[in-house]
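Below: the structure, in structure tokens.
There are 2 protein chains.
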Amino acid sequence: MDGQERLENARRRVTEAIAQNIYLYGLPPAAGRQYGMMFFHNEPLTLDDMTEELGMSKTSMSTSVRALTDAKLVERAWRRGVRKDLYKVKDDWYQGFIDMFTTKWRKSVSLHSSAIRRSLTELEKLLKDETVSEEVKEMAQADIERLLYIRDYYEWLDRLVDAFEDHDIFDLVPIKDESE
Amino acid sequence: MDGQERLENARRRVTEAIAQNIYLYGLPPAAGRQYGMMFFHNEPLTLDDMTEELGMSKTSMSTSVRALTDAKLVERAWRRGVRKDLYKVKDDWYQGFIDMFTTKWRKSVSLHSSAIRRSLTELEKLLKDETVSEEVKEMAQADIERLLYIRDYYEWLDRLVDAFEDHDIFDLVPIKDESE
DNA sequence: TTGTCTGTACGGAAAAAACTGTACGAATAG
DNA sequence: CTATTCGTACAGTTTTTTCCGTACAGACAA
Numbered sequence: 001m002d003g004q005e006r007l008e009n010a011r012r013r014v015t016e017a018i019a020q021n022i023y024l025y026g027l028p029p030a031a032g033r034q035y036g037m038m039f040f041h042n043e044p045l046t047l048d049d050m051t052e053e054l055g056m057s058k059t060s061m062s063t064s065v066r067a068l069t070d071a072k073l074v075e076r077a078w079r080r081g082v083r084k085d086l087y088k089v090k091d092d093w094y095q096g097f098i099d100m101f102t103t104k105w106r107k108s109v110s111l112h113s114s115a116i117r118r119s120l121t122e123l124e125k126l127l128k129d130e131t132v133s134e135e136v137k138e139m140a141q142a143d144i145e146r147l148l149y150i151r152d153y154y155e156w157l158d159r160l161v162d163a164f165e166d167h168d169i170f171d172l173v174p175i176k177d178e179s180e
Numbered sequence: 181m182d183g184q185e186r187l188e189n190a191r192r193r194v195t196e197a198i199a200q201n202i203y204l205y206g207l208p209p210a211a212g213r214q215y216g217m218m219f220f221h222n223e224p225l226t227l228d229d230m231t232e233e234l235g236m237s238k239t240s241m242s243t244s245v246r247a248l249t250d251a252k253l254v255e256r257a258w259r260r261g262v263r264k265d266l267y268k269v270k271d272d273w274y275q276g277f278i279d280m281f282t283t284k285w286r287k288s289v290s291l292h293s294s295a296i297r298r299s300l301t302e303l304e305k306l307l308k309d310e311t312v313s314e315e316v317k318e319m320a321q322a323d324i325e326r327l328l329y330i331r332d333y334y335e336w337l338d339r340l341v342d343a344f345e346d347h348d349i350f351d352l353v354p355i356k357d358e359s360e
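So, in structure tokens, the structure goes:
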């Protein structure tokens with residue numbers, strides 16, 4: 001086994017690990033392989049480069065590089081004299097994690113919060129309604145308590161996302177200082 | 181619209197929000213609907229209850245309640261005199277979030293760490309090899325630096341998971357005190 | 001033991017997602 | 001202006017995932 005091959009082995013192992021975990025970022029494994037491939041290239045790559053490297057269609061490269069860009073894992077690069085779009089991996093993985101975490105959970109919080117708010121007011125109204133049977137009111141009361149609990153939970157989750165977005169999380173879990 | 185119906189509306193809205201976000205726990209929407217349904221029931225439910233409530237097959241109920249259990253979102257309950265298996269939702273959503281977070285990311289860290297470790301030693305060996313061309317060695321050197329960076333990142337991620345598992349996260353982002 | 005009931009493994013059907021090739025709009029070069 | 005080149009929308013195909021019905025193993029009752 002020559003040097004080139006051993007180098008590729010080392011790269012492939014890590015790339016495969018990325019591919020198998022990229023689902024945590026909501027992306028399919030192929031996007032992970034694409035990312036891994038880009039990660040080990042010094043130069044920004046064009047869609048055609050990727051097509052050649054991975055042996056997949058250019059359309060696939062286009063759609064998944066877009067997904068990677070949306071996920072803030074990849075960004076466009078510019079280089080004078082090159083007309084094609086160039087892409088490179090963003091190199092701050094800590095920020096990448098934070099971006100993923102905040103966008104995913106912020107969306108979840110917002111969706112749930114509005115649903116909870118609406119249902120709560122609807123149930124409160126129901127409690128005051130004379131025409132509603134006592135039996136239904138009891139169930140509504142129980143539901144309200146449940147909703148108040150999860151409302152608090154989502155409020156906590158929102159503050160958790162804040163803590164990541166504002167980098168307060170690094171106070172609790174600091175990044176290892178290189179100088180140590 | 182009568183009271184019963186309005187109650188069901190309120191429940192359905194929240195359940196649908198759950199269904200649309202349960203993918204964050206790695207589960208399909210149907211499992212989310214199942215969870216939502218269970219959430220609004222006071223009593224633990226059997227598989228047959230769920231089949232009736234959701235109009236889905238018993239096999240589906242079985243597989244997805246297992247997935248929910250594995251995800252620590254649901255647990256088995258016992259009730260004397262009932263031979264069938266009973267299930268209820270776990271009521272600590274904070275712990276549920278932590279369980280999901282830790283299992284998912286711990287697995288990711290461990291997979292990556294071992295891949296990185298292996299590839300690093302392979303590349304180090306390659307650097308010391310006389311027969312390997314200088315050109316390849318340069319690429320290997322660049323790869324090593326990249327791998328050292330992400331090794332630090334995963335070490336940080338591991339500590340982050342610790343912070344959740346050990347509940348240190350509640351120091352940074354406290355749960356709202358009910359008495360306030 | 002035999003009969004009944006419960007949960008799940010398994011194979012196939014239905015639904016969803018990923019991937020490809022063609023075709024076209026936008027941008028640039030000449 | 002025309003010709004070329006790039007990226008992506010779209011429709012169709014392939015692959016993967018989800019869901020169902022049957023059948024069976026295990027537990028319990030009698």
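Top line first, the protein sequences correspond to chains H and P. Mapped onto this note's numbering, the consecutive letters of the first sequence carry residue numbers 1 to 180. Mapped onto this note's numbering, the consecutive letters of the second sequence carry residue numbers 181 to 360. Backbone N, C-alpha and C fix where the C-beta goes; we use that ideal spot for every residue, glycine too.
Residue burial classification, residue i (beta-carbon count within 10 angstroms, cutoff 16)
i, result
"PRO44 (chain H)", "buried"
"ILE175 (chain H)", "exposed"
"THR63 (chain H)", "exposed"
"ARG259 (chain P)", "exposed"
"HIS219 (chain H)", "Only positions 1 to 180 of chain H appear in this structure, which leaves residue 219 (chain H) out of reach."
"VAL262 (chain P)", "exposed"
"ASN222 (chain P)", "exposed"
"THR131 (chain H)", "exposed"
As assigned by DSSP and simplified to three states, the class of residue i
i, result
"GLU43 (chain H)", "coil"
"ARG377 (chain P)", "Residue 377 (chain P) falls outside the range modelled here, since chain P spans only 181 to 360, and no answer is possible."
"ALA17 (chain H)", "helix"
"ILE222 (chain H)", "With chain H represented from 1 up to 180, any question about residue 222 (chain H) goes unanswered, as that position is not in the structure."
"THR249 (chain P)", "helix"
"VAL262 (chain P)", "coil"
"LYS128 (chain H)", "helix"
"ILE150 (chain H)", "helix"
"LYS176 (chain H)", "coil"
"ASP338 (chain P)", "helix"
"SER237 (chain P)", "coil"
"PRO209 (chain P)", "helix"
"ASP143 (chain H)", "helix"
"MET181 (chain P)", "coil"
"SER62 (chain H)", "helix"
"SER288 (chain P)", "helix"
"ASP166 (chain H)", "coil"
"ASP92 (chain H)", "coil"
Alpha-carbon spacing of residue i relative to residue j, whole angstroms
i, j, result
"VAL289 (chain P)", "SER108 (chain H)", "24 Å"
"PRO28 (chain H)", "ARG66 (chain H)", "13 Å"
"LEU327 (chain P)", "ILE296 (chain P)", "6 Å"
"ILE324 (chain P)", "MET56 (chain H)", "28 Å"
"SER60 (chain H)", "GLN141 (chain H)", "51 Å"
"LEU157 (chain H)", "GLY212 (chain P)", "19 Å"
"ASP279 (chain P)", "GLU314 (chain P)", "48 Å"
"THR103 (chain H)", "GLN214 (chain P)", "26 Å"
"ARG13 (chain H)", "ASP91 (chain H)", "19 Å"
"TYR274 (chain P)", "VAL161 (chain H)", "14 Å"
"TRP105 (chain H)", "SER113 (chain H)", "12 Å"
"ALA17 (chain H)", "ARG256 (chain P)", "34 Å"
"ASP129 (chain H)", "LEU187 (chain P)", "12 Å"
"ARG159 (chain H)", "ALA190 (chain P)", "26 Å"
"ILE150 (chain H)", "LEU248 (chain P)", "18 Å"
"LEU352 (chain P)", "ALA210 (chain P)", "34 Å"
"MET218 (chain P)", "VAL136 (chain H)", "18 Å"
"GLU165 (chain H)", "PHE97 (chain H)", "10 Å"
"ALA19 (chain H)", "TYR334 (chain P)", "16 Å"
"GLY36 (chain H)", "ASN21 (chain H)", "11 Å"
"THR15 (chain H)", "ALA343 (chain P)", "28 Å"
"LEU24 (chain H)", "ASP177 (chain H)", "27 Å"
"PHE101 (chain H)", "GLY26 (chain H)", "11 Å"
"ASP152 (chain H)", "PHE220 (chain P)", "17 Å"
"ILE169 (chain H)", "GLU318 (chain P)", "36 Å"
"LEU291 (chain P)", "ARG118 (chain H)", "42 Å"
Strand pairing of residue i, partner residues [DSSP]
i, result
"LYS87 (chain H)", "Residue identity differs from the one stated: residue 87 (chain H) is Tyr in this sequence, not Lys. TYR87 (chain H) is bridged to H:LEU45, H:ARG76."
How about the stretch 181 to 189 of chain P and the stretch 226 to 235 of chain P: do they share at least three Cβ pairs that are nearer than 8 Å? Three or more Cβ pairs closer than 8 Å define a contact, and the stretch 181 to 189 of chain P falls short of that threshold against the stretch 226 to 235 of chain P.
Would you be able to state if there are at least three C-beta pairs under 8 Å between the stretch 117 to 130 of chain H and the stretch 63 to 79 of chain H? no
Okay, do the stretch 232 to 239 of chain P and the stretch 264 to 271 of chain P touch, 3+ Cβ pairs below 8 Å being the bar? Flag = no, the stretch 232 to 239 of chain P and the stretch 264 to 271 of chain P do not touch.
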